[in-house]
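Position 91 of the sequence shown, counting from 1, maps to 92 under my numbering, and the rest follow consecutively. Some notes on the structure that comes next.
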Amino acid sequence: MDSSEECSKMATILTKVLNIVDAIIPAGHPNRPGKKLLVSGVTIHNTDNTNKGADAKAHSKFLIKTGYYMLQGKKHYVSWHFTVDDHEIYHHLPTDEIGWHAGRGNTKTLAIEICMNAGIDHSAANKRAAQLAAGLLHDFKLDITCLYSHNHWTGKVCPKLLLDHHHEGAKWIAFKALVAEAAAELASGKRAILSKEPAHIDPKHLHYTIEDETNEIDHHSLILPEEDLTK
């Protein structure tokens with residue numbers, strides 16, 4: 002088996018272990034900007050939705066069917082790359098496209114939302130998210146210093162369950178340690194999540210709007226339709 006076949010096999014194995022479901026937001030939807038992303042990090046969020054059934058699948062349905070929240074009578078479109086719960090991961094955007102999730106972090110980072118619905122095993126969800134984050138950092142040849150919280154970019158109290166008194170502290174340090182541990186377990190030279198090399202993107206060809214660099218998720222305003230929580 003040559004190195005490319007070995008890498009592809011590794012990607013397939015880890016994708017199955019993490020139970021990643023592809024549910025990409027269709028091209029042309031208002032919450033899929035379609036702008037290319039030169040990945041320089043990974044941003045972690047919590048969904049801040051404690052309702053029963055507000056798992057990764059429900060958030061995937063929300064992104065595809067709705068994709069916005071209302072604030073002061075205006076639609077605010079949102080999107081991110083992955084949603085993680087204690088059983089599976091839903092993949093929403095290609096890893097070479099920006100999402101609208103964390104202000105300045107939109108045009109620099111991939112976004113992972115960790116669910117916090119009623120009854121979830123938070124430890125299992127965090128471990129799954131840490132493995133995903135480690136794999137993505139590995140794939141894009143980034144280290145643990147390139148792992149960010151939503152709080153880092155805009156001051157939002159997010160990821161809520163990984164902050165101490167609204168700021169990065171012991172809980173965030175512990176999560177980063179989980180990511181570092183997962184990264185250390187990845188065999189040298191093997192890609193973790195992607196089945197092919199990340200595409201080369203020329204920074205000169207990246208052009209973003211103010212919207213691309215300011216849109217972020219207001220979790221308090223993001224309400225999943227009741228039907229998404231029950232189907």
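Beta carbons: idealized from backbone N, C-alpha and C, even for Gly.
CB of residue i within 8 Å of CB of residue j, strictly
i, j, result
"A103", "T155", "yes"
"N47", "K161", "yes"
"L64", "H93", "yes"
"S61", "T110", "no"
"L19", "Q132", "yes"
"N32", "Y78", "yes"
"L143", "N152", "no"
"G100", "W81", "yes"
Neighbourhood of residue i by C-beta distance below 6 Å, restricted to the same chain and skipping five residues each side
i, result
"H208", "none"
Proximal residues to residue i (C-beta, below 7 Å), its chain only, five neighbours per side dropped
i, result
"A28", "G35"
"A57", "T84, V85, D86, E89, I90, Y91 and C116"
"I21", "I90 and H92"
"T235", "The chain is shown only over 2 to 232; residue 235 falls outside these bounds and no answer can be derived."
"A126", "V85, D86, D87, I115 and C116"
Contact set for residue i: own chain, Cβ-Cβ below 8 Å, skip 5 residues either direction
i, result
"I121", "D56, D86 and D87"
"I145", "L138, K177, V180, A181 and A184"
"L187", "A135, G136, H139 and A193"
Straight-line Cα distance separating residue j from residue i
i, j, result
"K53", "A24", "21 Å"
"I130", "K76", "With the sequence shown as reference, residue 130 is identified as Ala, and Ile is not the correct amino acid for it. Near 29 Å, if we compare the C-alpha coordinates of K76 and A130."
"T51", "A134", "23 Å"
"S150", "H30", "26 Å"
"G170", "D97", "31 Å"
"S124", "D203", "39 Å"
"T210", "W173", "31 Å"
"G136", "H167", "27 Å"
"I26", "C159", "23 Å"
"E212", "N107", "10 Å"
"K128", "G74", "38 Å"
"G114", "I45", "Correcting the residue identity first, residue 114 is Glu in this sequence and not Gly. Approximately 6 Å, taken between the alpha carbons."
"K1", "A59", "Here the chain has residues from 2 to 232 only, and residue 1 is not among them."
"A175", "P95", "28 Å"
Cβ distance (whole Å) where residue i is taken to contact residue j below 8 Å
i, j, result
"V43", "L148", "6 Å"
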